Amino acid sequence: MPFKTVKQLSVKGKKVLVRVDFNVPLSKGKVADATKIIAALPTLHYLDKQGASKIVCMSHLGKPEKELKKGKSREEVEAKFTLQPVAEKFQELLGKKVAFVADLQNIPDEKFVLLENTRFNEGEKSKDDDERKAFARELAATVGKEGVYVNDAFGTCHRKHASVYDITQFLPSAAGFLVEKEINALKPFVNPGKSSVAVLGGAKIEDKLDAVKALAEKYDSVLLGGGMTFTFFKAEGFEIGDSLLDEEKIGEAAEIMKKFGKKLILPSDIRVAKILNKEKKVNELGKNDYKDVKEVPSDEIPPGYTGLDIGRKTIENHKKIIAQAKTIFWNGAMGVFEISDFSKGTMAIAKAISDNKAATKIAGGGETVEVIHEGNLEIPTSTGGGASIDFLRKKLPAIEALERSR
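With the working numbering, the residue at position 393 of the sequence shown is 1571, and numbering never jumps.
1. Can you look up residue 1320 in the DSSP assignment and give me helix, strand or coil?
2. Would you mind reading off the limits of the alpha helix (DSSP H) that contains residue 1506?
3. Measuring CB to CB, does residue 1236 end up less than 8 angstroms from residue 1297?
4. Whose C-beta lies closer than 6 angstroms to the C-beta of residue 1220 among residues of the same chain, with five residues either side of it excluded?
5. In angstroms, rounded to a whole number, what distance separates the CA positions of residue 1554 and residue 1199?
6. Can we say the region 1480-1489 touches the region 1436-1450, given the rule of at least three CB pairs closer than 8 angstroms?
7. One question on the structure: do residue 1167 and residue 1441 come within less than 8 angstroms of each other, judged by their Cβ atoms?
8. Out of 1568, 1268, 1315, 1364, which one is the CA nearest neighbour of residue 1341?
9. May I have a chain-ordered list of the alpha helix (DSSP H) segments no shorter than 4 residues that lie completely inside the region 1190-1249?
10. According to DSSP, is residue 1337 part of a helix, a strand, or is it coil?
11. What are the boundary residues of the alpha helix (DSSP H) that residue 1391 is part of?
12. DSSP has residue 1469 in a bridge; who is on the other side?
13. With a threshold of 7 angstroms on Cβ separation, who are the neighbours of residue 1581 within its own chain once the five nearest residues in sequence on each side are excluded?
14. Grab me the residues of residue 1347's own chain with a C-beta within less than 6 angstroms of its C-beta, minus the 5 sequence neighbours each way, in chain order.
15. Hey, out of 1517, 1420, 1542, whose CA is closest to residue 1528's CA?
16. Alpha carbon to alpha carbon, what distance is there between residue 1299 and residue 1290?
17. Can you tell which of 1367, 1329, 1390 has its C-alpha closest to the C-alpha of residue 1510?
18. Quick check: the Cα distance between residue 1453 and residue 1461, rounded to an integer number of angstroms?
19. Restricting to runs no shorter than 4 residues, where is the alpha helix (DSSP H) found entirely within the region 1360-1441?
20. Roughly how many whole angstroms lie between the Cα atoms of residue 1253 and residue 1295?
21. For residue 1201, count the other beta carbons within 10 Å of its own beta carbon; 16 or more makes it buried, fewer makes it exposed. Which is it?
22. Does the structure place the region 1256-1271 close enough to the region 1323-1335 that three or more beta carbon pairs sit under 8 angstroms?
23. Please classify residue 1329 as buried or exposed, where buried requires at least 16 neighbouring CB atoms within 10 angstroms.
24. Per DSSP, which one or two residues make a beta bridge with residue 1539?
25. Rounded to whole angstroms, what is the Cα-Cα separation between residue 1478 and residue 1496?
26. Just list the residues that DSSP pairs residue 1351 with in beta bridges.
27. Classify residue 1466: buried if its beta carbon has 16 or more other beta carbons within 10 angstroms, exposed otherwise.
28. Measuring CB to CB, does residue 1334 end up less than 8 angstroms from residue 1547?
29. How is residue 1514 classed by DSSP in three states: helix, strand or coil?
30. Could you please give me the residues that DSSP links to residue 1485 through a beta bridge?
31. Am I right that residue 1443 and residue 1402 are in contact with their C-beta atoms under 8 angstroms? What's the rounded C-beta distance?
32. Tell whether a beta-carbon distance below 8 angstroms holds between residue 1540 and residue 1507.
33. Rank 1434, 1505, 1369, 1230 by C-alpha distance to the C-alpha of residue 1536 and give the top, closest one.
What follows is the structure, given as structure tokens:
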């Protein structure tokens, strides 16, 4: 590795600041899926056994800054995105007492500490270098001048944030076992060779256009699904009803289709419904919030209908391509998989990837991992969604920071 790993870092008798990725789903104030917490445990147990005198963990949770911009009060936002319930699950899984603290100036005596959500401080994501560095300096102070830093949050390595990027300027730094494992697992997918297939889904096209271009450059086929497809349909002049659309990206979507042509496999049919309750997010719809579920050709979505999953013809076509692949990279759901009426596409594609036992494959992204667990499928996973995609096309900022620290 072009950077230090945790085994190359002297930690005996030292305080260690560890960036973990505890950005886990919550339900009714409890951790709904502890996969990311479990993934961090090997590094934390290792540091403990190597004689670290203190282990201070930090993570973000959700996007509190977006809620604040919508006008919600800080008290309301901090109550929603506090890491308190995560600390409780972390303590249970670690098997040791964990102190949870919000005040960086008052770190308690317990050996294991979890700091409050890093994104509660504006310096974490600030575009101002000085603001980020100031927060990174505060974080570093929690372990003192003799402390060291370990980045074990691969899912955030594609971000230029204080806790993964600027922090390496203030403490000797290394990568944890999870970051090292993720990088090694993703290397075969950077240049996948012949018979390679990328399956790309998800709702927001602005998060995926660069990924579509990067994957189309390297992979033989890019199978598309999810809400982002409707901007591509609009670029082709299709009627999309009330389906998700990013008007600002129509031109870019058209350019991508023109450049990559047959490499991009868009759905040929779509599962649609009339949404009755438009106040709710689509993934939170109940049975009484929509009606008239049916499948239609992609270029015949009726006015007033919303596309919510790929149709049966698309499923069969995607499955045939996946079955012949030697390398498969998957990121993102094919539809609103949280609702049974619109989960069939995602589950079918997931099973097809799992059934191809001969292929080298990996899946990334929170919703993707959730589907794999739900279906009890055999697909290696990455804890990073955006990070795993970005790794395939460029060097990640936090990895560059670790390299400089060496």
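Cβ atoms here follow ideal geometry from the backbone N, Cα and C, with glycine treated the same way.
Every value quoted in this text rests on a predicted model; they were computed, and no experiment measured them.
Result, derived from the coordinates:
1. The count along the sequence shown starts at 1 and reaches residue 1320 at position 142. Reduced to three states, the DSSP call for residue 1320 is coil.
2. Looking up residue 1506 in the sequence shown gives position 328. No alpha helix (DSSP H) contains residue 1506, which is instead part of the beta strand (DSSP E) from 1505-1509.
3. Taking the first residue of the sequence shown as 1, we reach residue 1236 at position 58. Taking the first residue of the sequence shown as 1, we reach residue 1297 at position 119. Their beta carbons are not under 8 angstroms apart, which means residue 1236 does not touch residue 1297 by this criterion.
4. Counted from its first residue, the sequence shown places residue 1220 at position 42. 1355.
5. Counting from 1 along the sequence shown, the entry for residue 1554 is found at position 376. Counting from 1 along the sequence shown, the entry for residue 1199 is found at position 21. Their backbone Cα atoms lie some 23 angstroms apart in a straight line.
6. yes
7. With the chain covering 1179 to 1584 only, the question about residue 1167 has no answer from this structure.
8. Numbered from 1 along the sequence shown, position 163 holds the residue referred to as residue 1341. Ranking the options by Cα distance to residue 1341, first place goes to 1315.
9. 1213-1227, 1242-1247
10. Here residue 1337 corresponds to residue number 159 of the sequence shown, with the count starting at 1. In the structure shown, residue 1337 sits in coil (DSSP, three-state: anything other than H, G, I, E or B).
11. As a first step, residue 1391 is located in the sequence shown; it is residue number 213 there, counting from the start. First-last of the alpha helix (DSSP H) with residue 1391: 1387-1396.
12. Here residue 1469 is taken as the residue at index 291 of the sequence shown, counted from 1. Paired residue(s): 1452.
13. By one-based count along the sequence shown, residue 1581 stands at place 403. Taken in chain order, the residues that qualify are 1180, 1181.
14. Locating residue 1347 in the sequence shown gives position 169, counting from the first residue. Counting only Cβ-Cβ distances below 6 angstroms, and skipping sequence neighbours, we find nothing.
15. What you label residue 1528 is simply residue 350 of the sequence shown in a count that begins at 1. Ranking 1517, 1420, 1542 by Cα distance to residue 1528 puts 1542 first.
16. Within the sequence shown, residue 1290 is the residue found at index 112, counting from 1. Within the sequence shown, residue 1299 is the residue found at index 121, counting from 1. The straight-line gap from Cα to Cα measures roughly 22 angstroms.
17. On the sequence shown, residue 1510 is found 332 positions in, with the first residue counted as 1. For the residues 1367, 1329, 1390, the minimum Cα distance to residue 1510 belongs to 1390.
18. The count along the sequence shown starts at 1 and reaches residue 1453 at position 275. The count along the sequence shown starts at 1 and reaches residue 1461 at position 283. Their Cα atoms are separated by approximately 12 angstroms.
19. 1387-1396, 1407-1413, 1428-1438
20. Residue numbering aside, residue 1253 sits at position 75 when the sequence shown is read from its first letter. Residue numbering aside, residue 1295 sits at position 117 when the sequence shown is read from its first letter. So the two alpha carbons sit approximately 14 angstroms from each other.
21. Along the sequence shown, read from residue 1 onward, the residue named residue 1201 stands at position 23. Buried, by the Cβ-count rule.
22. no
23. Reading the sequence shown from its first residue, position 151 is the one you call residue 1329. Buried: at least 16 other Cβ atoms inside 10 Å.
24. Here residue 1539 is taken as the residue at index 361 of the sequence shown, counted from 1. For residue 1539, which the question treats as bridged, DSSP gives the partners 1506.
25. As a working note, residue 1478 is residue 300 in the sequence shown. As a working note, residue 1496 is residue 318 in the sequence shown. Their backbone Cα atoms lie some 20 angstroms apart in a straight line.
26. Residue numbering aside, residue 1351 sits at position 173 when the sequence shown is read from its first letter. According to DSSP, which records beta bridges pairwise, residue 1351 is partnered with 1327.
27. For the purposes of this step, residue 1466 is taken as the residue at position 288 of the sequence shown. Residue 1466 should be labelled exposed.
28. For the purposes of this step, residue 1334 is taken as the residue at position 156 of the sequence shown. For the purposes of this step, residue 1547 is taken as the residue at position 369 of the sequence shown. No; because the gap between Cβ atoms is not below 8 angstroms, this pair is not in contact.
29. For this step, residue 1514 is matched to residue 336 along the sequence shown. Coil at residue 1514, not helix or strand.
30. Numbered from 1 along the sequence shown, position 307 holds the residue referred to as residue 1485. Answer is 1450, bridged to residue 1485.
31. Along the sequence shown, read from residue 1 onward, the residue named residue 1443 stands at position 265. Along the sequence shown, read from residue 1 onward, the residue named residue 1402 stands at position 224. The Cβ separation is near 7 angstroms, so the contact holds.
32. To locate residue 1540, count along the sequence shown from 1; it is residue 362. To locate residue 1507, count along the sequence shown from 1; it is residue 329. Yes, these two residues count as a Cβ contact at 8 angstroms.
33. Here residue 1536 is taken as the residue at index 358 of the sequence shown, counted from 1. Considering only alpha carbons, the answer is 1505.
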